[in-house]
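Trainee: This is the structure I have questions about; it appears just below.
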Amino acid sequence: MDLRRRRTKQQRIRGSLAGLWATLSGLLVIGVSAASLAANDLATIQSNISSPIIIDVRSPQEFATGSIEGAVNLPLKGLPDSLLSEGIELDEEVVVYCRSGRRSAQAKTVLKAAGFELVFDGGPMSQLEGVLNDSDS
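If you count the sequence shown from 1, position 64 lands on 63 in numbering that gives the first Met the number 0, and the numbers rise without skipping.
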């Protein structure tokens with residue numbers, strides 16, 4: 000292998016590694032941002048919301064394994080149309096949640112863009128359950 004070919008191969012590997020690092024760094028920042036936004040919404044849910052509509056944006060299969068009491072299963076891929084077909088108004092208080100918090104963050108973005116005014120990201124189901132149980136006390 001001549002020297003020119005070896006350098007080209009090394010440059011491609013470096014470029015690939017740099018791209019991978021940039022992607023992973025971006026995902027970390029997005030994850031941290033989504034987590035902090037959900038935490039802010041959880042504080043609002045706990046202190047200011049009395050009886051929101053609780054939407055589980057997981058798949059029907061995930062929903063069947065357990066959910067928050069009173070939650071309606073409307074998977075992320077069907078939003079926002081599924082909320083409208085359920086008769087949920089744009090100005091009603093809606094809390095979305097999922098398993099990890101990723102889909103609930105996406106759901107909030109989709110619903111806000113569709114004109115829903117009072118959408119709150121409940122984040123992961125386990126976290127939202129704790130907040131709802133605390134506010135019942």
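Ideal Cβ placement from N, Cα and C applies to all residues, glycine included. Note that this is a predicted model, so its numbers are computed, not measured.
(1) To the nearest angstrom, how far is the alpha carbon of E88 from that of E116?
(2) Using only CA atoms, which one of Q60, R102, G114 lies nearest to P123?
(3) From V109 to S49, what distance separates their C-alpha atoms?
(4) In the DSSP assignment, find the beta strand (DSSP E) that holds F119 and state where it starts and stops.
(5) Thinking just about the alpha-carbon of each residue, which of V71, A113, V95 is nearest to the one in D80?
(6) Around the Cβ of G100, are there at least 16 other Cβ atoms within 10 angstroms (buried) or fewer (exposed)?
Mentor: Reading it off the structure:
(1) Their backbone Cα atoms lie some 9 Å apart in a straight line.
(2) Out of Q60, R102, G114, R102 has the C-alpha closest to the C-alpha of P123.
(3) Each residue's alpha carbon lies about 23 Å from the other.
(4) F119 -> beta strand (DSSP E) spans 117-123.
(5) Nearest in C-alpha terms to D80, of all of V71, A113, V95, is A113.
(6) By the C-beta density criterion, G100 is buried, having at least 16 other C-beta atoms within 10 angstroms.
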